[in-house]
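In the numbering used here, the protein residues as written are 32 to 211.
By construction, the Cβ of each residue, glycine as well, lies at the ideal position given by its N, Cα and C atoms.
Here is the structure we will look at, set down as structure tokens.
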Amino acid sequence: MELIENHILNSQSGIACGEKSRKVGYPHLRMNNISNNMNLDLKLLWRIPATENEIRSYSLQKGDILFNNTNSADLVGKCCLFDIDSNETFLFSNHLTRIRTKNTLNAKYLLYWVNFLWQKQYFKDNCDKWVNQAAIRVDLEYRMAHVEKMRAAALRQLDAAKAMSAALLNEMFSQETFDG
Numbered sequence: 032m033e034l035i036e037n038h039i040l041n042s043q044s045g046i047a048c049g050e051k052s053r054k055v056g057y058p059h060l061r062m063n064n065i066s067n068n069m070n071l072d073l074k075l076l077w078r079i080p081a082t083e084n085e086i087r088s089y090s091l092q093k094g095d096i097l098f099n100n101t102n103s104a105d106l107v108g109k110c111c112l113f114d115i116d117s118n119e120t121f122l123f124s125n126h127l128t129r130i131r132t133k134n135t136l137n138a139k140y141l142l143y144w145v146n147f148l149w150q151k152q153y154f155k156d157n158c159d160k161w162v163n164q165a166a167i168r169v170d171l172e173y174r175m176a177h178v179e180k181m182r183a184a185a186l187r188q189l190d191a192a193k194a195m196s197a198a199l200l201n202e203m204f205s206q207e208t209f210d211g
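And the structure:
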């Protein structure tokens, strides 16, 4: 078993800000911006002012994982991948943790593994609960899949899917299909 921390470049909680707007400042991703199916939801996007220091500390990069560390017990642990192509600088709330992986761990692999734990209610069962709120602090161990082995397995699955697709197309459009 491996500790996740051995493969994490940086893990940090975001910035708290009571001053917010819908039109002025930097986009500030919050708990509601992480959907229950690992996607970013930008329908309700707040903006906040930020200093240069705060921008350096709390900006997001493509490939960062956002982990919901404070919410109701049911929602602690939901996560998503920040994969937005934008010239705009995005910041994140103190109720979220930004996780940047080293090249020894594929961020999408970690995202799916953490989401699996969330679906199995691991975080709900292990979080600290207060009135209408819960939070998690945990050192997770997991079975580490080697990056090259993960890539090879993904390529095999992709090749199999392509072969299946080609076979289905061949069957759908073969002469026998049209001849009755």
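Buried or exposed: where does D95 fall if 16 or more other Cβ atoms within 10 Å of its Cβ makes it buried? buried
Checklist entry - Is it the case that the Cβ atoms of R182 and Q43 are separated by a distance below 7 Å? => result no
Review point. What are the boundary residues of the beta strand (DSSP E) that F98 is part of?
Key: Per DSSP, F98 belongs to the beta strand (DSSP E) from I96 to N99.
Through-space distance from L136 to L189, alpha-carbon basis: 20 Å
Since I130 is in the beta strand (DSSP E), which residue starts that stretch and which ends it?
L127 to T132
| query | Can you give the Cα-Cα distance for E85 and D116, rounded to whole angstroms? | reply | 21 Å
Next on the checklist: Our contact map puts F154 next to L60 with C-beta atoms below 8 Å; I'd like the distance itself, whole angstroms only.
Outcome noted: At roughly 19 Å, the Cβ-Cβ gap does not stay under 8 Å, so F154 and L60 are not in contact.
I'd like to check one pair, C111 with L76: are the Cβ atoms closer than 7 Å? Cβ atoms of L76 and C111: not closer than 7 Å.
What residues are listed by DSSP as bridge partners for F123? L60
Inset, instruction - May I have the straight-line CA-CA distance separating L40 from K133, to the nearest angstrom? - result: 5 Å
Alpha-carbon to alpha-carbon, C158 and Q150: 14 Å
By the 10 Å Cβ neighbour count, where 16 or more other Cβ atoms means buried, how is G49 classified, buried or exposed?
exposed
Let me make sure I understand the geometry here. Which of R78, F113 and L91 has the alpha-carbon closest to that of S66? Nearest C-alpha to S66: F113.
Measuring only the C-alpha atoms, how far is K93 from K54? 23 Å
| query | When you compare only the Cα positions, how much space is there between S103 and K109? | reply | 11 Å
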